[in-house]
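Shown next, in structure tokens, is the structure this report addresses.
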Amino acid sequence: MRKFEDGVAISGVGQSEIGRRLERSALSLTLDAAMQAITDAGLTPDDIDAVMTYPGGGVVLGPGFAGPPIADVYDALGLRLDHLIGSYEGPAQLGAVVNACLAVSSGAARHALVYRTVTEGSARAAARAAGGSTLPVGGPTPWITAFGGGPGPIGPALLARRHFHQYGTTREQLAQVALNARRQAALNPTAVFRQPLGLDEYMGARMIADPLCLFDCDVHCDGSTAFVVSSRDYAPDAPSRPVYIEAMGFAPAPRPGYAHHDRLHPGWEAAAQMWRRTDLRPADVDVAGLYDGFSVLTLLWLEALGFCGVGEGGAFLEGGTRIGPGGELPLNTNGGQLSGGRLHGFGLLHEMCLQLRGAASGRQVDGARHAAVSVGAVPYVGCMLLRAS
Numbered sequence: 113m114r115k116f117e118d119g120v121a122i123s124g125v126g127q128s129e130i131g132r133r134l135e136r137s138a139l140s141l142t143l144d145a146a147m148q149a150i151t152d153a154g155l156t157p158d159d160i161d162a163v164m165t166y167p168g169g170g171v172v173l174g175p176g177f178a179g180p181p182i183a184d185v186y187d188a189l190g191l192r193l194d195h196l197i198g199s200y201e202g203p204a205q206l207g208a209v210v211n212a213c214l215a216v217s218s219g220a221a222r223h224a225l226v227y228r229t230v231t232e233g234s235a236r237a238a239a240r241a242a243g244g245s246t247l248p249v250g251g252p253t254p255w256i257t258a259f260g261g262g263p264g265p266i267g268p269a270l271l272a273r274r275h276f277h278q279y280g281t282t283r284e285q286l287a288q289v290a291l292n293a294r295r296q297a298a299l300n301p302t303a304v305f306r307q308p309l310g311l312d313e314y315m316g317a318r319m320i321a322d323p324l325c326l327f328d329c330d331v332h333c334d335g336s337t338a339f340v341v342s343s344r345d346y347a348p349d350a351p352s353r354p355v356y357i358e359a360m361g362f363a364p365a366p367r368p369g370y371a372h373h374d375r376l377h378p379g380w381e382a383a384a385q386m387w388r389r390t391d392l393r394p395a396d397v398d399v400a401g402l403y404d405g406f407s408v409l410t411l412l413w414l415e416a417l418g419f420c421g422v423g424e425g426g427a428f429l430e431g432g433t434r435i436g437p438g439g440e441l442p443l444n445t446n447g448g449q450l451s452g453g454r455l456h457g458f459g460l461l462h463e464m465c466l467q468l469r470g471a472a473s474g475r476q477v478d479g480a481r482h483a484a485v486s487v488g489a490v491p492y493v494g495c496m497l498l499r500a501s
């Protein structure tokens, strides 16, 4: 099987300032991250011939959700492009990475800039201060929220409650996702929340959507993350250690809603597709960045990706030792989105690149050679395996 992943490498990574409420424009944050990534790749803006982003201009899922349109970015950077695409529908946030890989591996581009920018921290605070809603007005949201669906955390809370009922999972077990995130964030100087978090504080926290409490929900923030995806033949010339993409999974669930299928998480199909595209197996993964928009999604991704059996996510998390520093699967080593900040999946990919480069100062996983990344929830999901050079 010819794999498009074999034709590319991540040659550059970059990240802007990250903060709870920076009150900076999305464009300025994006330019910071983009120039870091381009410089890290040993390139100049003149070398970039494609730009990809998620979700693309015009997509509004709440204040600060969408970053700047591609047109603004390539204009500000003075790029001369052969290809561009911004898209919301697809393999979640990793859709932009998939698009970059497809363009580069096909020869439509040589160096593609990929970015994801959020200003939800500042924008949501401003919306609340002005007395406005932070939820999108259009679409199906007003119609389904009253019936137990709708925006997070309602949907994920229903998944958690079903997992508790069906497999005996407990809040104390699920808490380990949040507690581990805070322990990892304490080692990351750019994380939003770094102060200690204990089980008693977690168990006593305000309930948001039973059984998910405040600490089960990701932290809105401002920041931008960028990557340069380059042709594989450039990798030996890159000044920074390149990261290779072993396999990607982007197959959606057969039906677009949780209530439409037996399995709790639609990432099953994407995960199975990813493993079909590689000889590696879950036991080969040294470190993982698994989507934690809500803690239960991390538990479900552990099961979908085969790090534990179906229904065994709670037992795998028990006590937090397996997913903590020095554990068998160090998880979300930058603090994830629960403590590091909701960079909407791209922060996890950035962290896994640092881990495979041996550049995650203060939190480096010894000997990390293979990393897994997953993003998204129903119906848009994506996952990928990365390997060091």
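Take any residue in the sequence shown, note its place counting from 1, add 112, and you have its number in the numbering used here. By construction, the Cβ of each residue, glycine as well, lies at the ideal position given by its N, Cα and C atoms. What you are looking at is a predicted structure, and each value in this text was computed from that prediction instead of being measured.
CB of residue i within 7 Å of CB of residue j, strictly
i: Arg-240; j: Ser-451; result: no
i: Thr-229; j: Leu-134; result: no
i: Cys-465; j: Phe-406; result: no
i: Ala-204; j: Val-216; result: no
i: Leu-196; j: Ile-182; result: yes
i: Gly-154; j: Pro-354; result: no
i: Ile-122; j: Phe-419; result: no
i: Val-341; j: Val-120; result: yes
i: His-332; j: Gly-233; result: yes
i: Glu-424; j: Asn-446; result: no
i: Thr-231; j: Gly-170; result: no
i: Gly-426; j: Thr-433; result: no
i: Thr-151; j: Gly-198; result: no
i: Leu-206; j: Asp-161; result: no
i: Val-210; j: Pro-378; result: no
i: Ile-320; j: Pro-265; result: yes
i: Ser-128; j: Ala-149; result: no
i: Ala-287; j: Tyr-314; result: yes
i: Tyr-403; j: Val-487; result: yes
i: Phe-327; j: Ala-317; result: yes
i: Ala-383; j: Leu-429; result: no
i: Val-397; j: Ala-484; result: yes
i: Leu-291; j: Leu-309; result: yes
i: Leu-412; j: Leu-376; result: yes
i: Gly-494; j: Asn-444; result: no
i: Val-226; j: Ala-208; result: yes
i: Gly-168; j: Tyr-200; result: yes
i: Ile-435; j: Thr-302; result: no
In DSSP terms, what residue i is bridged to
i: His-377; result: His-377 pairs with nothing; no bridge assigned.
i: Ser-486; result: Leu-402 and Cys-495
i: Val-230; result: Gly-335
i: Cys-213; result: Looking at the DSSP assignment, Cys-213 forms no beta bridge with any residue, so it has no partner.
i: His-223; result: Ser-342
i: Ala-149; result: In DSSP, Ala-149 forms no bridge with anything.
i: Gly-131; result: Asp-334
i: Glu-324; result: In the sequence under discussion, the amino acid at residue 324 is Leu, which differs from the Glu named in the question. DSSP, once it has assigned bridges, lists Ala-321 as partnering Leu-324.
i: Ala-162; result: His-195 and Ala-224
Unbroken alpha helix (DSSP H) run spanning residue i, endpoints
i: Tyr-166; result: No alpha helix (DSSP H) contains Tyr-166, which DSSP labels as neither H nor E.
i: His-195; result: Unbroken run through His-195 is the beta strand (DSSP E), 195-198; no alpha helix (DSSP H).
i: Cys-465; result: 458-469
i: Val-185; result: 182-189
i: Gln-296; result: 283-297
i: Arg-274; result: 266-279
i: Leu-311; result: 311-315
Top-ranked residue by Cα proximity to residue i, from the options
i: Asp-118; options: Asp-404, Leu-214 and Arg-353; result: Leu-214
i: Ala-363; options: Pro-348, Met-386 and Glu-313; result: Met-386
i: Ser-501; options: Arg-344, Arg-283, Gly-243 and Ala-297; result: Arg-344
i: Thr-281; options: Gly-488, Ser-137 and Val-408; result: Val-408
i: Trp-380; options: Met-496, Tyr-227 and Gln-148; result: Met-496
i: Gly-474; options: Gln-127, Pro-437 and Tyr-403; result: Pro-437
i: Arg-132; options: Ser-336, Leu-441, Ala-149 and Val-487; result: Ser-336
i: Ser-218; options: Arg-114, Glu-284, Gln-127 and Ala-321; result: Arg-114
i: Leu-441; options: Ala-471, Leu-455, Val-422 and Thr-410; result: Thr-410
i: Ala-188; options: Ala-208, Val-477 and Leu-139; result: Leu-139
i: Ala-359; options: Gln-476, Val-397, Met-315 and Arg-388; result: Arg-388
i: Glu-284; options: Glu-415, Ala-297, Leu-311 and Gln-296; result: Leu-311
i: Gly-190; options: Ala-484, Leu-143, Gly-494 and Tyr-200; result: Leu-143
i: Phe-116; options: Tyr-200, Tyr-356 and Val-289; result: Tyr-356
i: Arg-274; options: Pro-323, Val-226 and Val-289; result: Pro-323
i: Ala-220; options: Arg-236, Gly-267 and Val-163; result: Val-163
i: Arg-236; options: Thr-302, Arg-454, Leu-498 and Tyr-227; result: Arg-454
i: Leu-299; options: Gly-124, Val-125, Ala-365 and Gly-448; result: Gly-448
i: Arg-222; options: Tyr-279, Asp-159 and Ala-238; result: Asp-159
Enclosing beta strand (DSSP E) for residue i [first to last residue]
i: Asp-123; result: The sequence given here has Ser at residue 123, not Asp. Looking at the DSSP string, the run of the beta strand (DSSP E) that includes Ser-123 is 120-127.
i: Ala-321; result: 319-321
Short CB-CB distance (under 7 Å) between residue i and chain D
i: Tyr-314; result: No chain D is present in this structure, which holds just one protein chain.
Report the residue ranges of all alpha helix (DSSP H) runs contained in full by the segment 334-410; include only those spanning at least 4 residues, in chain order. 379-388
Taking the runs of the alpha helix (DSSP H) that are 4 residues or longer, which of them lie wholly in the segment 408-444? 425-429
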